[in-house]
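The next block holds one structure in the form of structure tokens; read it before the comments.
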Amino acid sequence: MTFTPRVFSGIQPSGDLHLGNYLGAIRRFVPLQKSHDCIYCVVDLHAVTVWQDPTELANATREVAAAYLAAGIDSNAHIIFNQSRVREHTELAWIFNCVARMGWLNRMTQFKDKAGKNAEAMSVGLYAYPCLMAADILAYRATHVPVGDDQKQHLELTRDIAAKFNHDFADRIKSLGLGEDGYFPLTEPLISGPAMRIMSLRDGTKKMSKSDASEMGQISMMDSADRIATKIKKARTDPDPLPETFAELSERPGARNLVQIYASLADKSPDEVLGEFAGKGFGVFKPALAELTVAELSPIATEMRRLMADPAEIDRVLESGAEKARRIAAPVLADVRQIMGFLT
Ligand code: AMP
Ligand code: TRP
Numbered sequence: 035m036t037f038t039p040r041v042f043s044g045i046q047p048s049g050d051l052h053l054g055n056y057l058g059a060i061r062r063f064v065p066l067q068k069s070h071d072c073i074y075c076v077v078d079l080h081a082v083t084v085w086q087d088p089t090e091l092a093n094a095t096r097e098v099a100a101a102y103l104a105a106g107i108d109s110n111a112h113i114i115f116n117q118s119r120v121r122e123h124t125e126l127a128w129i130f131n132c133v134a135r136m137g138w139l140n141r142m143t144q145f146k147d148k149a150g151k152n153a154e155a156m157s158v159g160l161y162a163y164p165c166l167m168a169a170d171i172l173a174y175r176a177t178h179v180p181v182g183d184d185q186k187q188h189l190e191l192t193r194d195i196a197a198k199f200n201h202d203f204a205d206r207i208k209s210l211g212l213g214e215d216g217y218f219p220l221t222e223p224l225i226s227g228p229a230m231r232i233m234s235l236r237d238g239t240k241k242m243s244k245s246d247a248s249e250m251g252q253i254s255m256m257d258s259a260d261r262i263a264t265k266i267k268k269a270r271t272d273p274d275p276l277p278e279t280f281a282e283l284s285e286r287p288g289a290r291n292l293v294q295i296y297a298s299l300a301d302k303s304p305d306e307v308l309g310e311f312a313g314k315g316f317g318v319f320k321p322a323l324a325e326l327t328v329a330e331l332s333p334i335a336t337e338m339r340r341l342m343a344d345p346a347e348i349d350r351v352l353e354s355g356a357e358k359a360r361r362i363a364a365p366v367l368a369d370v371r372q373i374m375g376f377l378t
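One rule links them: number in my numbering = place in the sequence shown (from 1) + 34.
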């Protein structure tokens, strides 16, 4: 069966958006609007898998929506909404909790990373989170999901869940006329380019993350030009000049990361960037990178501030987006209830 091409992705409203979110996700959401129907979600139900202050959650939810809008996502032609408004996500997540196996979830490295030695004290939601993520995607039968490389394993799980559901209910799906080879698509991840994984500016072996201990490790989308320049200037690198090829940076994580950021912002390959900067030191490269980063982020931050000054308008966008989302997800859940044998 062929599925209507549809893009779905989400970002958690759980703290400041950073350059990794921007390059790995938001920036890549924009061009997909030309070729696909796109649904971009603020995944507030994911955020509460760890504690969120309610007032901050509401604010962070608007801020992610503002970032989508400021980056150039068209909320009229496409869909921007917050997850908790569309109940189909949680309903399908429960069903997927019953499809996915404990062994599959036990392999999720993100849970292990986040829980560390403290798994006993984590919420059940943090453990079950990948089933909710699969539900987010499959409630729209989305075919393509742009994300950073850290989400690859969750997308593999999404495919496993779709495949098991299709297999377990194959006869029923066929007899109801809901698909010859399954009801859910096997979603394709869209993970490519130099920005798959932006690393911390303080430690090129750790990913840039909202929970970074040092604020100097990440560039926030709302940072001022001065702040961005300072953070890049202080980024941990090494004294050697830049080489001619990206392969030669394999043992220099800090330098590698900065070249990747530059390449991503300039829409060039890392080797092309090194073609321009080979032989030069960081005294030359860092100011060039700062200039490029500021040129890209500053107008977006300005627009985000303008949008955040009118929260009622953002709320209106989210509410009308949720209505459009529900119109797609509700019939899917109606099919799923029928497939499962629930009386409705
Ligand atoms: P999160 O902040 O965990 O909700 O992530 C939202 C999106 O940003 C997901 O698509 C992530 O894969 C992406 N992302 C988060 N951190 C990074 C990073 N350091 N490099 C690239 N992409 C990232
Ligand atoms: N798990 C993703 C993250 O932490 C966020 C997310 C939730 C998501 N649901 C999604 C991403 C569906 C893509 C599609 O980054």
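Backbone N, C-alpha and C fix where the C-beta goes; we use that ideal spot for every residue, glycine too.
Identity of the residues DSSP links to residue i by a beta bridge
{"i": "Ile-73", "result": "Phe-42, Ile-113"}
{"i": "Met-230", "result": "According to DSSP, Met-230 bridges with nothing at all."}
{"i": "Leu-224", "result": "Pro-180"}
{"i": "His-52", "result": "Ser-254"}
{"i": "Lys-241", "result": "Met-233"}
C-beta contact flag for residue i and residue j at 9 Å
{"i": "Val-41", "j": "His-80", "result": "no"}
{"i": "Ile-225", "j": "Asp-183", "result": "yes"}
{"i": "Asp-246", "j": "Arg-270", "result": "no"}
{"i": "Pro-273", "j": "Gly-313", "result": "no"}
{"i": "Leu-166", "j": "Ala-127", "result": "yes"}
{"i": "Arg-61", "j": "Ala-359", "result": "no"}
{"i": "Asp-260", "j": "Leu-331", "result": "no"}
{"i": "Ile-394", "j": "Leu-53", "result": "Since the first and last residues shown for the chain are 35 and 378, residue 394 lies out of range."}
{"i": "Ala-99", "j": "Val-351", "result": "yes"}
{"i": "Met-255", "j": "Ala-94", "result": "no"}
{"i": "Pro-228", "j": "Pro-304", "result": "yes"}
{"i": "Ile-384", "j": "Gly-355", "result": "Summary: the structure shown does not reach residue 384, with the chain confined to residues 35 through 378, and so no result is reported for it."}
{"i": "Ala-363", "j": "Tyr-174", "result": "yes"}
{"i": "Leu-210", "j": "Ile-373", "result": "yes"}
{"i": "Ile-334", "j": "Tyr-74", "result": "no"}
{"i": "Ala-59", "j": "Val-181", "result": "yes"}
{"i": "Gln-117", "j": "Val-77", "result": "yes"}
{"i": "Ile-253", "j": "Lys-265", "result": "yes"}
{"i": "Ile-262", "j": "Ala-324", "result": "yes"}
{"i": "Gly-159", "j": "Val-82", "result": "yes"}
{"i": "Gly-375", "j": "Arg-206", "result": "yes"}
{"i": "Glu-353", "j": "Phe-115", "result": "yes"}
{"i": "Met-142", "j": "His-201", "result": "no"}
Same chain, Cβ closer than 6 Å to residue i, five either side skipped, listed in chain order
{"i": "Leu-66", "result": "Val-41, Cys-72"}
{"i": "Val-133", "result": "Ile-195, Lys-198, Phe-199"}
{"i": "Ala-168", "result": "Phe-130, Thr-192, Ile-195"}
{"i": "Phe-299", "result": "According to the sequence provided, residue 299 is Leu. The question's Phe does not apply to it. Counting only Cβ-Cβ distances below 6 Å, and skipping sequence neighbours, we find Leu-326, Glu-330."}
{"i": "Lys-17", "result": "The structure shown does not extend to residue 17, since the chain spans only 35 to 378, so no value can be given for it."}
{"i": "Gly-251", "result": "Ser-234, Leu-235, Arg-236"}
7 Å CB neighbourhood of residue i in its chain, flanking five on each side removed
{"i": "Lys-186", "result": "Pro-223, Ile-225"}
{"i": "Glu-125", "result": "Leu-367"}
{"i": "Leu-283", "result": "Pro-277, Ala-289, Arg-290, Val-293"}
{"i": "Tyr-161", "result": "Leu-139, Phe-145"}
{"i": "Gln-86", "result": "Ser-48"}
{"i": "Val-64", "result": "Ala-105, Gly-106, Ile-107"}
{"i": "Lys-244", "result": "Ser-48, Gly-49, Asp-50, His-52"}
{"i": "Arg-370", "result": "Before going further, note that residue 370 is Val rather than Arg in the sequence given. Within the same chain, Val-370 has close Cβ partners Leu-126, Ile-129."}
Residues of its chain near residue i, where Cβ-Cβ distance is below 8 Å and the 5 sequence neighbours each way are ignored
{"i": "Arg-339", "result": "Met-256"}
{"i": "Asp-349", "result": "Arg-96"}
* Could you tell me which uninterrupted beta strand (DSSP E) segments, each at least 3 residues in length, are contained entirely in the segment 135 to 221, listed from first to last along the chain? => 178 to 180
* Which full runs of the alpha helix (DSSP H) of 4+ residues lie inside the segment 341 to 367, going along the chain? -> none
Those runs of the alpha helix (DSSP H) which lie wholly inside the segment 274 to 325 and span at least 4 residues:
287 to 300, 304 to 311
Subject >> Length at least 3, wholly inside the segment 58 to 104: the beta strand (DSSP E) runs in chain order >> reply: 71 to 76
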